[in-house]
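A.B. asks: These protein sequences, in sequence, are chains A and B. Each residue of the first sequence is one higher than the last, beginning at 233 in the working numbering. Each residue of the second sequence is one higher than the last, beginning at -5 in the working numbering. Below you will find the structure I want to go over with you.
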Amino acid sequence: MKKILAKNEFYLFVILLMICLLIGSMNPVFFSLGNMVDLLRAAVPYGIFAAGIMIVIVSGGIDISFPAIATLSTYVTLLLFVNGSYEGNIVLFFLLSCSIGLILGLVNGFFIAVFDFPPLIVTLATQSIYYGIQYTFFGSKRLTFLPEYINSFSKADLFTAVDENGMSYIFPKYFFIVVFVFLLAFLVLRFTFMGRGIFAIGGSKSSAIRVGFNVKLLQFLIYGASGTIAALGGAVYTIMIRQGNPASLIGLEMTIISIVVLGGIEINGGKGSIFGLVLGLAFFMVINNSLILVGISSYWKTFVLGIAMYLYAAVIAYKRKMRNKQVHEIDMQALQKEGGKVSE
Amino acid sequence: MKEYMKEGVRTDSPFIRLSNISKSFAGIKALNGIDLEIKPGRIYCLMGENGCGKSTLIKIISGVYAPDEGEIELDGKIMKHMTPKEAMKKGIEVIYQDFSVFPNLTVAENISMNTEMTRKTKIVNWKRIHSQAQLAMDKLGIALPLDETVEHLSVANRQLIAISRAISHDAKLLIMDEPTTALTKCEVDALFEIVKRLNESGISIIFVSHKLDEVMQLSQEIVIMRNGEKVADGNMTDFTKDKIIYYMTGRKLTNTSYRIPQNVNSKITLEVKHITQKGGFSDISFSIKENEIVGITGLLGSGRTALANALFGISRIDSGEILLDGKRIRLRNVRNAVLNGIAYVPEDRLTEGLFLNQPINQNIAVTVLDKLSNKIGLVKSASIRNMSLEWIKRLHVKTESDELSVHFLSGGNQQKVVLAKWLAINPKILILNGPTVGVDIGAKTDIIEMIKSLAREGMSIILVSDDVSEIMMCCNRIMIMRSGRITEEVMAENINETELYNKIRVQEE
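Here is the structure:
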């Protein structure tokens, strides 16, 4: 129990639960199957993007070029399959898009790992460059006539919920993609030595080098992975809205970073869990999509989000302060009791 | 390890032999023709002032640098190009000053990290990580909670984790760089106990330290370096304290304790009456005169730092009163204290005292910017430079230019910059917290002389420290703290180092 209380995730969970109950009691529609399906569906692209950024942040870095990577890689892929002579299929659509994302991500990784440039500046620059490439070479025209397989995958459902008014809510197959990404990220971070290396770099880069991690290679791979996951998210988003829109992801980086931070992932690196990320995502989705259910205008949602983040930061800071105090007191006790010797 | 010990007993051949090692950086010789033998199962100490080439030598032994000239023979084999990983594989482990632990990871993971690395693990086996960590801690005879995150542990415990990690896979030579800098006396004793235990199990140890007393207490062999050369080595029993200092500095240093000048009529400057701070200290009363250097000593957690912080307005007192020149003052924040002529040189100069990336002159001028600025609040860079150049000269800061960033300076010179910064406000009361921690002997003497001459000129100085020799060299009066109270006050002339040391320790029981 103590252990659970010690985790930041616990507090987020409690707050989330309370908000859900509050909204649910004011408008029962919130707990309807339809609304839940809607929330889950809407969470898919956010979840994918957030998983990629979480890995980067845990390693002590940051990647704000991912919306640009997502946009550019899916748009180019779409262009090829829409205008080209080859029709392609859904697997190829994902594969090609992710490959472009990987390359764009590795460019970030190259500058960050090899030249030791600050990730914020590198990805700020590449964000600009990638959007620049998008608009100069490929334009900003929305692509609305997509290949048939994309439209059908968009509508492919696991089940469809129908409410009393006859409205139907599709629970899509592509939901599995975010589940897969989360699971993979969890396994890699928790059970592979490489994953532990990501935490190690995030905790102390110099220590990681001294212990013998190939930090440069790891960074290279991390940004590569981030690019790939960004492209995957972009592809799923395109499938979801059934059009290629080069402007729709602009500015998403801050939203995603907010989700990651709300999920208890330490912005300076070294700490975080997928479980926390899921909670942060759920919190964001509820605020973003459901405030309207209780009659709060959507203008307020960013305000509420801001307050929530502020409170959350306050809770974490307070807990850290208490924790430090505790450690100090324990030390003093130990000193008085055993004369400062370590327990032998 | 067992196999190795047999071999060691049979032949007594050195574990590592360096012959004629030289290394230059950008044309400057950091090491010049070093010969060194490390025998198995001995404790060595490597001494020398900052910049004498100690760290370069360590980096060569641990494979971080390749020597320009000379030969490394490891375990009977000549090593051509030794990488850090190879050195680690051969059993050479370095415990750096910052311990290189991962604050965000658990105790178990930290300790097992090296072993898992050499094992080329792909998939993490958490059970094995725990059992390995437990094993390593058992070897040292310590018990720390395996699942605790390291950032929640004390400095001493972090060091134990670094040691556990180093010995968790067949270490044969353990190099410890300034391992006692951040530890209290008790923790140092505990550490030495552990080092001796490791040594008995056949591990050689190279111990780098500035603290003479500790070195003489622990080591069996000594190696002294100066200006990139080995100037002396041999059995510790052949060396005296004076001899070591002479070899290290190349000059004879004398330190006599401080006496208040006879002919002056000093009046009381600062007086505190029954001040209490919850969780820090309680019912503290004392006064200090002009020309006095009062030492406040005690163990970690005795409240000495809390008291210093309160006297500088970093934290507030809950009750009691503080009088300056007979007038009651309130110290709500640092600005209050500075305006009242109180200056404070903190314990951890790197985090509390300096802007490391800023040039020296900016660092010195920061406390007096309002004095240096004109009517509309603009500061002339010429006046900053003039003032800081004067201080650089007065305190003998070794630097090529006042425009240099502070982090390029050695520890001793950084400490001088901190001093200069506070002396610039021309304080009445100067509070120093561990002013010579991590500073080499030469710079230590300079700083202590500086402190004394300030007191002679009339400043009241409060010196907070747990370094007995520093207290004895500086102060004319000493107050000993324990559990937040002043338990004893002695005049420095009536006590010697050992007696003071025992007084601080005896209080524990």
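Just so you know, even glycine gets a beta-carbon here, dropped at the ideal spot from N, CA and C.
Quick one, which of B:D62, B:E87, B:L99, B:H124 has its alpha-carbon nearest T143 of chain B's?
C.D. replies: Here residue 143 of chain B refers to the residue found at position 149 of the second sequence. Closest option to T143 of chain B, Cα to Cα, is B:L99.
A.B. asks: When you compare the CB positions of Q128 of chain B and T109 of chain B, do they come within less than 7 Å of one another, or not?
C.D. replies: Looking up residue 128 of chain B in the second sequence gives position 134. Looking up residue 109 of chain B in the second sequence gives position 115. No, Cβ-Cβ distance for Q128 of chain B and T109 of chain B is not below 7 Å.
A.B. asks: Closer than 8 Å by C-beta to F414 of chain A: which residues in its own chain qualify, once you throw out the five before and the five after it? Chain order, please.
C.D. replies: The residue given as residue 414 of chain A occupies position 182 in the first sequence. Here the set comprises G279, A283, I506, L509, V510.
A.B. asks: What is the DSSP secondary structure of R324 of chain B, reduced to helix, strand or coil?
C.D. replies: Residue numbering aside, residue 324 of chain B sits at position 330 when the second sequence is read from its first letter. Of the three classes helix, strand and coil, the one that applies to R324 of chain B here is coil, per DSSP.
A.B. asks: How many Å lie between L254 of chain A and Y542 of chain A at the Cα?
C.D. replies: Residue numbering aside, residue 254 of chain A sits at position 22 when the first sequence is read from its first letter. Residue numbering aside, residue 542 of chain A sits at position 310 when the first sequence is read from its first letter. Whole-angstrom Cα-Cα distance: 20 Å.
A.B. asks: If the criterion is Cβ atoms closer than 7 Å, does the pair I287 of chain B and A449 of chain B meet it?
C.D. replies: Indexing the second sequence from 1 puts residue 287 of chain B at position 293. Indexing the second sequence from 1 puts residue 449 of chain B at position 455. In this structure, A449 of chain B lies closer than 7 Å to I287 of chain B by Cβ.
A.B. asks: By the criterion of Cβ-Cβ separation under 8 Å, what are the contact partners of V443 of chain A in chain B?
C.D. replies: The residue labelled residue 443 of chain A in the question sits at position 211 within the first sequence. Residues of chain B passing the Cβ test: S94, M107, N108, M111.
A.B. asks: For the alpha helix (DSSP H) holding F242 of chain A, just list the boundary residues, first then last.
C.D. replies: Position 10 of the first sequence holds residue 242 of chain A. Unbroken alpha helix (DSSP H) run through F242 of chain A: 240 to 258.
A.B. asks: Which residue marks the beginning of the beta strand (DSSP E) containing M170 of chain B, and which one marks its end?
C.D. replies: In the second sequence, residue 170 of chain B corresponds to position 176, counting from 1. Counting along the chain, the beta strand (DSSP E) containing M170 of chain B begins and ends at 167 to 171.
A.B. asks: Using the DSSP secondary-structure output, state which residues sit across from R191 of chain B in a beta bridge.
C.D. replies: Counted from its first residue, the second sequence places residue 191 of chain B at position 197. Per DSSP, none; premise fails for R191 of chain B.
A.B. asks: Mapping DSSP to helix, strand and coil, what is N257 of chain B?
C.D. replies: On the second sequence, position 263 is the one that residue 257 of chain B refers to. It is coil, neither helix nor strand.
A.B. asks: Which residue spans inside the stretch 337 to 362 of chain B form an unbroken alpha helix (DSSP H) run of at least 4?
C.D. replies: Runs found: 354 to 359.
A.B. asks: Name, in chain order, the residues that DSSP records as bridge partners for R479 of chain B.
C.D. replies: For the purposes of this step, residue 479 of chain B is taken as the residue at position 485 of the second sequence. Bridge partners of R479 of chain B: B:R476.
A.B. asks: In its own chain, which residues sit with a C-beta less than 6 Å from the C-beta of G429 of chain A, not counting the 5 before and 5 after it?
C.D. replies: Position 197 of the first sequence holds residue 429 of chain A. Hits under 6 Å: F445, L450.
A.B. asks: Mind checking if V118 of chain B is an interface residue toward chain A, Cβ cutoff 7 Å exclusive?
C.D. replies: Residue mapping note: residue 118 of chain B aligns to position 124 of the second sequence, counting from 1. V118 of chain B counts as touching chain A.
A.B. asks: When you compare only the Cα positions, how much space is there between K497 of chain B and E241 of chain A?
C.D. replies: The residue you call residue 497 of chain B lines up with position 503 of the second sequence. The residue you call residue 241 of chain A lines up with position 9 of the first sequence. About 48 Å.
A.B. asks: So V458 of chain B and I435 of chain B are in contact, right, with Cβ under 8 Å, and what is the actual spacing, rounded?
C.D. replies: Start at 1 with the first residue of the second sequence, and residue 458 of chain B comes out as number 464. Start at 1 with the first residue of the second sequence, and residue 435 of chain B comes out as number 441. So it is not a contact: roughly 21 Å between Cβ atoms.
A.B. asks: Which residues in the same chain have their Cβ closer than 7 Å to the Cβ of P97 of chain B, if we skip the five residues on either side of it in sequence?
C.D. replies: Residue numbering aside, residue 97 of chain B sits at position 103 when the second sequence is read from its first letter. Same-chain partners within the cutoff: V144, E145.
A.B. asks: Taking the C-alpha atoms as reference points, what is the distance between L248 of chain A and I489 of chain A?
C.D. replies: Position 16 of the first sequence, counted from the first residue, corresponds to residue 248 of chain A. Position 257 of the first sequence, counted from the first residue, corresponds to residue 489 of chain A. Whole-angstrom Cα-Cα distance: 18 Å.
A.B. asks: So who's on the other strand from I378 of chain B, going by DSSP bridges?
C.D. replies: Stepping through the second sequence from its first residue, residue 378 of chain B is reached at position 384. According to DSSP, I378 of chain B bridges with nothing at all.
A.B. asks: Please tell me whether K239 of chain A has its Cβ less than 7 Å away from any Cβ of chain B.
C.D. replies: Sequence index remark: in the first sequence, residue 239 of chain A carries index 7 (1-based). Not one chain B Cβ lies under 7 Å of K239 of chain A.
A.B. asks: Under a three-way DSSP split, which group does Y252 of chain B fall into?
C.D. replies: Position 258 of the second sequence, counted from the start, is the residue given in the question as residue 252 of chain B. Note: Y252 of chain B maps to coil in three-state DSSP.
A.B. asks: Closer than 7 Å by beta-carbon distance: list the chain B residues that pair up with A457 of chain A, in chain order.
C.D. replies: For this step, residue 457 of chain A is matched to residue 225 along the first sequence. Result: empty, since nearest Cβ-Cβ is about 17 Å, beyond 7 Å.
A.B. asks: Distance, Cα to Cα, Y362 of chain A vs A462 of chain A?
C.D. replies: The residue labelled residue 362 of chain A in the question sits at position 130 within the first sequence. The residue labelled residue 462 of chain A in the question sits at position 230 within the first sequence. Rounded to whole angstroms, Y362 of chain A to A462 of chain A spans 13 Å at the Cα level.
A.B. asks: Who are the Cβ neighbours of T487 of chain A in its own chain at under 6 Å, not counting the five residues just before and after it?
C.D. replies: Along the first sequence, one-based indexing puts residue 487 of chain A at 255. There are no such residues.
A.B. asks: Just to confirm my understanding: we take T306 of chain A, look at its own chain, exclude 5 residues before and 5 after, and list those with CB closer than 6 Å. What are they?
C.D. replies: One-based indexing of the first sequence puts residue 306 of chain A at position 74. Result list for T306 of chain A: S329, G466, A467, T470, in chain order.
A.B. asks: CA-CA distance, I308 of chain B and S276 of chain B?
C.D. replies: For the purposes of this step, residue 308 of chain B is taken as the residue at position 314 of the second sequence. For the purposes of this step, residue 276 of chain B is taken as the residue at position 282 of the second sequence. Taking the straight line from one Cα to the other gives about 17 Å.
A.B. asks: Cα separation between G57 of chain B and M76 of chain B?
C.D. replies: Reading the second sequence from its first residue, position 63 is the one you call residue 57 of chain B. Reading the second sequence from its first residue, position 82 is the one you call residue 76 of chain B. Rounded to whole angstroms, G57 of chain B to M76 of chain B spans 5 Å at the Cα level.
A.B. asks: Please confirm whether L129 of chain B has its beta-carbon closer than 7 Å to some beta-carbon of chain A.
C.D. replies: Position 135 of the second sequence holds residue 129 of chain B. No, no contact with chain A.
A.B. asks: Within the chosen definition, does the stretch 231 to 245 of chain B reach the stretch 289 to 301 of chain B through at least 3 CB pairs nearer than 8 Å?
C.D. replies: Contact between the stretch 231 to 245 of chain B and the stretch 289 to 301 of chain B is absent, because fewer than three Cβ pairs lie under 8 Å.
A.B. asks: Anyone know if the C-beta pair for S203 of chain B and E172 of chain B falls short of 7 Å?
C.D. replies: Position 209 of the second sequence, counted from the start, is the residue given in the question as residue 203 of chain B. Position 178 of the second sequence, counted from the start, is the residue given in the question as residue 172 of chain B. In contact: S203 of chain B and E172 of chain B (Cβ atoms closer than 7 Å).
A.B. asks: Can you tell me which of A:R555, A:I454, A:L484 puts its alpha carbon nearest to the alpha carbon of I344 of chain A?
C.D. replies: Taking the first sequence and counting its residues from 1, the one referred to as residue 344 of chain A is at position 112. When only C-alpha atoms are compared, the closest one is A:I454.
A.B. asks: According to a CB-to-CB cut-off of less than 7 Å, which residues of the stretch 493 to 514 of chain A neighbour chain B?
C.D. replies: Listed by position along the chain: G502, K503.
A.B. asks: Taking one C-beta from the stretch 217 to 227 of chain B and one from the stretch 34 to 49 of chain B each time, how about it: are there three or more such pairs within less than 8 Å?
C.D. replies: At 8 Å Cβ cutoff, the stretches touch.
A.B. asks: Is the Cβ of L79 of chain B closer than 7 Å to any Cβ of chain A?
C.D. replies: For the purposes of this step, residue 79 of chain B is identified with residue 85 of the second sequence, where counting begins at 1. With the sequence shown as reference, residue 79 of chain B is identified as Lys, and Leu is not the correct amino acid for it. Closer than 7 Å to some Cβ of chain A, the Cβ of K79 of chain B qualifies, so yes.
A.B. asks: For the stretch 404 to 419 of chain A against the stretch 334 to 344 of chain A, are there 3 or more C-beta pairs whose distance is under 8 Å?
C.D. replies: The stretch 404 to 419 of chain A vs the stretch 334 to 344 of chain A: no contact.
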